[in-house]
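The next block holds one structure in the form of structure tokens; read it before the comments.
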Amino acid sequence: MKDSIAENRVNRRDLLVGTGALTGGAILASAGFSGAAAASGAPVKAQLPGFDAAAGEYVLPPLPYAYDALEPSIDAQTMQLHHDIHHAGYVRGLNTALTRLAEMRASGDFGLVKHWSRQAAFAGSGHFLHTVFWTNMAPAGDGGGGEPSSELAESLTESFGSVDAFRGQFSAAARSVEGSGWGILAYEPVSARMQVLQAEKHQNLGQWGVVPLLVLDVWEHAYYLNYQNRRGDYVNAFWNIVNWQNVAERLSEASR
Ligand code: MN
42 MKDSIAENRV NRRDLLVGTG ALTGGAILAS AGFSGAAAAS GAPVKAQLPG FDAAAGEYVL
102 PPLPYAYDAL EPSIDAQTMQ LHHDIHHAGY VRGLNTALTR LAEMRASGDF GLVKHWSRQA
162 AFAGSGHFLH TVFWTNMAPA GDGGGGEPSS ELAESLTESF GSVDAFRGQF SAAARSVEGS
222 GWGILAYEPV SARMQVLQAE KHQNLGQWGV VPLLVLDVWE HAYYLNYQNR RGDYVNAFWN
282 IVNWQNVAER LSEASR
């Protein structure tokens, strides 16, 4: 299943690169995958839509189809506003948040780290989820709708019992998200299975799509016996026991 998921990721990239070329040079250039990365032999990841590796900033990937391509399921005006206004706002917000965080690292003044971490989580999740969302859809009868391939159906059946059972849970989860949010089918690496999750909003307080490499438990149960309310001392002591080799291995695994 791991292989098929990786394969899907590659196919998605190919789809976007291929159709991106049809949408015009300006959009393609702004999307940051003009082919320069491929020509220079850069890692595959640099070619993924949504990030311009040369400029070092996030960019709005073009829709892989026309605004009206999903009608009547989703109308053209909704698609245009959703992509060009809402998604673009997330991209701007993420770039701004990461610029502010870089300024903090440079100055050593982390006074606003809570605010800009929240902004990075909000805008980052928005950017990453929308980038996946557009590619999760295709015109009905032209890649959209129908049934999953037998390989994907087998993976869904392993995780959920059957394709219908998955569809039932996903629909129910999406329908019942409280307030704003998402229904999400996610790969869960500990068991190598998939799970259906609800994201209420999406900024509480992580970025969907990232892979954790180094985590520090700051629930009170993790330090209270020794440190009581002195969480800062516990955080400082963490650096005496951090396993950098493990972090390096996780980074290598996640980025290959
Ligand atoms: Mn949206």
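Counting from 42, one number per residue, gives the positions in the sequence shown under this note's numbering.
C-beta atoms are modelled at their ideal positions from N, C-alpha and C, and glycine is treated no differently.
Where does residue i sit, in a helix, a strand or coil, going by DSSP?
i	result
residue 297	coil
residue 92	strand
residue 236	strand
residue 69	Caution applies to residue 69, whose pLDDT of 32 falls short of 50 and renders its modelled position unreliable; the value that the coordinates give is listed next. The answer is helix: DSSP assigns residue 69 an H, G or I state.
residue 124	helix
residue 268	helix
residue 181	strand
residue 260	coil
residue 223	strand
residue 106	coil
residue 76	With a pLDDT of only 35 at residue 76, under the threshold of 50, the placement of this residue in the model should not be trusted; the figure read from the coordinates follows. If DSSP states are grouped into helix, strand and coil, residue 76 belongs with coil.
residue 188	coil
residue 112	coil
Less than 7 Å separating the Cβ of residue i from some heavy atom of the ligand MN?
i	result
residue 127	yes
residue 243	no
residue 262	no
residue 168	no
residue 156	no
Is the beta carbon of residue i sitting closer than 8 Å to the one on residue j?
i	j	result
residue 105	residue 172	no
residue 295	residue 256	no
residue 266	residue 292	no
residue 180	residue 226	no
residue 157	residue 133	no
residue 237	residue 210	yes
If we cut at 8 Å on Cβ distances, does residue i have a partner in chain D?
i	result
residue 146	This model lacks chain D altogether, as it is built from one protein chain only.
My understanding is that residue i touches residue j, with C-beta atoms under 8 Å, so please give their C-beta distance in whole angstroms.
i	j	result
residue 241	residue 222	5 Å
residue 166	residue 249	5 Å
residue 212	residue 235	Actually they are not in contact, since the Cβ atoms of residue 212 and residue 235 sit about 16 Å apart, beyond 8 Å.
residue 108	residue 95	Actually they do not touch by this definition, with Cβ atoms about 28 Å apart.
residue 214	residue 239	5 Å
residue 228	residue 168	With 8 Å as the limit, residue 228 and residue 168 do not qualify as a contact, their Cβ atoms being about 19 Å apart.
residue 90	residue 102	3 Å
residue 288	residue 272	Going by Cβ atoms, the distance from residue 288 to residue 272 rounds to 21 Å, so no, they are not a contact pair.
### Task
Determine, using beta-carbon pairs with one atom in the region 151 to 168 and one in the region 187 to 199, whether at least three such pairs fall under 8 Å.
no
### Task
Decide yes or no for the touch test of the region 241 to 260 against the region 161 to 168: beta carbon pairs closer than 8 Å, at least 3 of them.
yes
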